[in-house]
Amino acid sequence: MKQNRSAPVVDTSRSPHARLRPVPANAVTLSDTFWEPRRKINRTVTLPSQYRHLEETGRLDNFRRASGKKTGIPFQGIYFNDSDVYKWLEAAAWTLATHDDPALAAMVDAVVTEIEVAQQADGYLNTYYMLERAEQRWSNLRDMHELYCAGHFLQAAVAHHRATGDDRLLNVACRLADCICAVFGPEEAGKRAQSDGHEEIEMALVELYRVTGDAKYLRQAQFFIDVRGRGAISGSSYHQDHKPFRELDEMIGHAVRMVYLDCGAADVCLETGEAALKAAMDRQWDNMIRRRIYVTGGLGARYEGEAFGKDYELPNERAYTETCAAIGSVMWNHRMLAIASEARYADLIEHTLYNAVLPGLSLDGQAYFYQNPLRDDGKHRRQPWFGCACCPPNVARLLASLPGYFYSVDDRGIYAHLYAEGTAQITLPEGRTVGLTQHTRYPWEGDVRLTVEGEGVFSLFLRIPAWCGEGSAAAALEVAGEPSGVTLTPGTYAEVRRAWTPGDTIHLRLPMPVRRIECHPCVAENAGHVALQRGPIVYCVEQADNLGVDVHDLALPADAELRPEWRADLLGGVVTLRGTAQTAPPDTAWEGRLYRTVGAPAFSTPGNSVSLTAIPYYAWANRESGPMQVWIRNR
């Protein structure tokens, strides 16, 4: 198989219905401003420490047990522990695509060897169902996640091949996929007409099809989407099995499973162009954006079932908002962007990355959030690992693959989806290579300067974020020092088409006023409250910055000015919001009461003015514990 070390995160380069094709992750280099320090921690701290956790918790020993290297020990941990190894392996592969790291490469080779020798002769690979449970294979698809684990392995194998050019793990993946194809399919073909209770296999099979060209993997992915909704798994909305996918009109059930299913459907749509799949995803996306997403981009309102709630059910303190669900949202919107080339998907990718994914990892790269509440009393803290450790390696693989989300191309030119200091070598469809450099302090400042190193006529499409449409200031764009004359509409791409010469420059100015966000009145908990946002960053107030006052008692006057202030010494370097608030606790007549007749004001007259400091939500809980909230009472 061709070895080219090309590493697109989702390879739609030959997908017939893709409007946008990805620029490989290893063609993009991020500089040491916002994202690269986090990716460096991911590479040097997070991945090695996660490898130690995989060893210490027996996850790697499960493979040695299955291969016979270790005997006399039981299976260790939760039945889907294999998937944590696979996600770590995918994260390490994407890291090797952009960084030469011999120590990490040695870890990867060791894990690849353990997986390879554990695989059974017929291609089956799941360490929980080997040895004493061999007769129980595929016996409980609803609950036991066999196909989910297989899907994560296929994705890891594809990433490893794209990053290194090595076929060894890919060959293992093909044998496993062939085993799955032999078992599952139409009943009339003598196969099992079922799918897994936890989606993942669908998108993995499409990626395997893309790298091998074997159409049976695409057909199998289609089958797993088509069979869902017939009641073969559970018939429940929790498993997205209550109605066929093409009839879905809401985001429902387990949040991670829902967005993973949409990822698979989007991948199939990219290959087949089926309009019914796209229409179903459009309905779900609209339902999510209009009624079931948190201001941070987090998904999943309920602890019960880690699930979406009803329309407008968005509790703050009990928000589940699993980190994995946010990661799945980024993955789904990346695919929708390839289908439709609409900036709204890139807007949501950016918003979710900063405000729903990044909180899942501590600033030192060694502790994790599973849930991401929007209000807390100080008891919710990141953990170094979990028994169910799906989120830690999931964060690692997204950060490792992040450069692959920055740019795409089509027949007209280059799309810039995300902004950060860095360089890219981008190959246009006709074969020309264009160098592109971004100079910026985004997301703290809205100035983005781009330098083009290339010749000829093509377009640059620059995303004008939707948040630029709210406020008095307007975005501005100069080309070669002159006003561009291009209409800049927030929530779209601005096209600059010209005959480029090496060294041409573009200057994009995105205004970043502090914005007060209010919530739909049907979300009763947020009535009379505002959230703060500047640029793409959502803010919160945390006790550590607001000493001497309970942050839950803060009230923000309507005329209070909030000033951005760069703090290099705080939380790894952040822009804080500084201003004046008031304290307004419940009035003293509430002491000893839960209910009373309406009459007096519920809250005391605003007390003394107090200084207020808000920090980026992603950075909370990195210091001493204390209350935090995103939504602040509005006076």
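When the letters of the sequence shown are read in order and numbered with my numbering, they come out as residues -2 to 632.
C-beta: ideal position from N, C-alpha, C; glycine also.
Nearest-angstrom beta carbon gap, residue j and residue i [assumed within contact, 8 angstroms]
| i | j | result |
| --- | --- | --- |
| residue 258 | residue 332 | Actually they do not touch by this definition, with Cβ atoms about 12 angstroms apart. |
| residue 44 | residue 393 | 6 angstroms |
| residue 191 | residue 224 | 7 angstroms |
| residue 504 | residue 575 | In fact, because the Cβ distance is near 29 angstroms, the residues do not count as touching under 8 angstroms. |
| residue 580 | residue 551 | 7 angstroms |
| residue 538 | residue 629 | 6 angstroms |
| residue 145 | residue 193 | 5 angstroms |
| residue 330 | residue 372 | With a Cβ gap of about 26 angstroms, residue 330 and residue 372 do not count as contacting. |
Residue span of the alpha helix (DSSP H) that contains residue i, given as start and end
| i | result |
| --- | --- |
| residue 209 | 198 to 209 |
| residue 256 | 252 to 269 |
| residue 504 | Segment 501 to 506 is the beta strand (DSSP E) holding residue 504; no alpha helix (DSSP H) there. |
| residue 92 | 79 to 95 |
| residue 222 | 212 to 224 |
| residue 389 | 388 to 398 |
| residue 180 | 165 to 180 |
Residue i, buried or exposed, once every other Cβ within 10 Å from all chains shown has been counted against 16
| i | result |
| --- | --- |
| residue 618 | buried |
| residue 613 | buried |
| residue 462 | buried |
| residue 530 | buried |
| residue 500 | exposed |
| residue 80 | buried |
| residue 385 | exposed |
| residue 563 | exposed |
| residue 22 | buried |
| residue 370 | buried |
| residue 300 | exposed |
| residue 133 | exposed |
| residue 182 | buried |
| residue 609 | buried |
| residue 66 | exposed |
| residue 286 | exposed |
| residue 1 | Reliability fails at residue 1, whose pLDDT of 44 lies under 50, so the model's placement of it is uncertain and the value that follows must be treated cautiously. Exposed is the call here. |
| residue 380 | exposed |
| residue 40 | buried |
Reduced DSSP secondary structure (H/G/I, E/B, other) of residue i
| i | result |
| --- | --- |
| residue 279 | helix |
| residue 237 | coil |
| residue 60 | helix |
| residue 537 | strand |
| residue 242 | helix |
| residue 329 | helix |
| residue 561 | strand |
| residue 309 | coil |
| residue 463 | helix |
| residue 349 | helix |
| residue 583 | strand |
| residue 489 | strand |
| residue 320 | helix |
| residue 360 | coil |
| residue 106 | helix |
| residue 286 | helix |
| residue 99 | helix |
| residue 523 | helix |
| residue 344 | helix |
| residue 410 | strand |
| residue 552 | strand |
| residue 1 | Unreliable positioning characterises residue 1 in this predicted model, as indicated by a pLDDT of 44, which lies under 50. The coordinate reading is nonetheless provided below. Correct three-state label for residue 1: coil. |
| residue 159 | helix |
Residue i: first and last residue of the uninterrupted beta strand (DSSP E) it sits in
| i | result |
| --- | --- |
| residue 577 | 571 to 580 |
| residue 621 | It is not in any beta strand (DSSP E) - residue 621 carries neither H nor E in the DSSP assignment. |
| residue 556 | No beta strand (DSSP E) holds residue 556; DSSP gives it neither H nor E. |
| residue 444 | 444 to 450 |
| residue 526 | 526 to 531 |
| residue 414 | Looking at the DSSP string, residue 414 is not in any beta strand (DSSP E), and its letter there is neither H nor E. |
| residue 608 | 606 to 613 |
| residue 475 | 473 to 476 |
| residue 10 | Element bounds for residue 10: n/a, residue is neither H nor E. |
| residue 423 | 419 to 424 |
| residue 405 | 404 to 406 |
| residue 627 | Where residue 627 is concerned, there is no enclosing beta strand (DSSP E), given that its DSSP letter is neither H nor E. |
| residue 513 | 511 to 514 |
| residue 435 | 430 to 437 |
Minimum Cβ-Cβ distance from residue i to chain C less than 8 angstroms
| i | result |
| --- | --- |
| residue 405 | The structure shown contains no chain C; it holds only a single protein chain. |
**Study point:** Completely contained alpha helix (DSSP H) runs for the segment 111 to 156, where each covers 4 or more residues
**Key:** For the segment 111 to 156, whole alpha helix (DSSP H) runs of length 4 or above, ordered along the chain, are 138 to 141.
Point to revise | Ordered list of beta strand (DSSP E) runs contained in the segment 13 to 69, each at least 3 residues | key: As far as the segment 13 to 69 is concerned, its whole beta strand (DSSP E) runs of at least 3 residues are 25 to 27.
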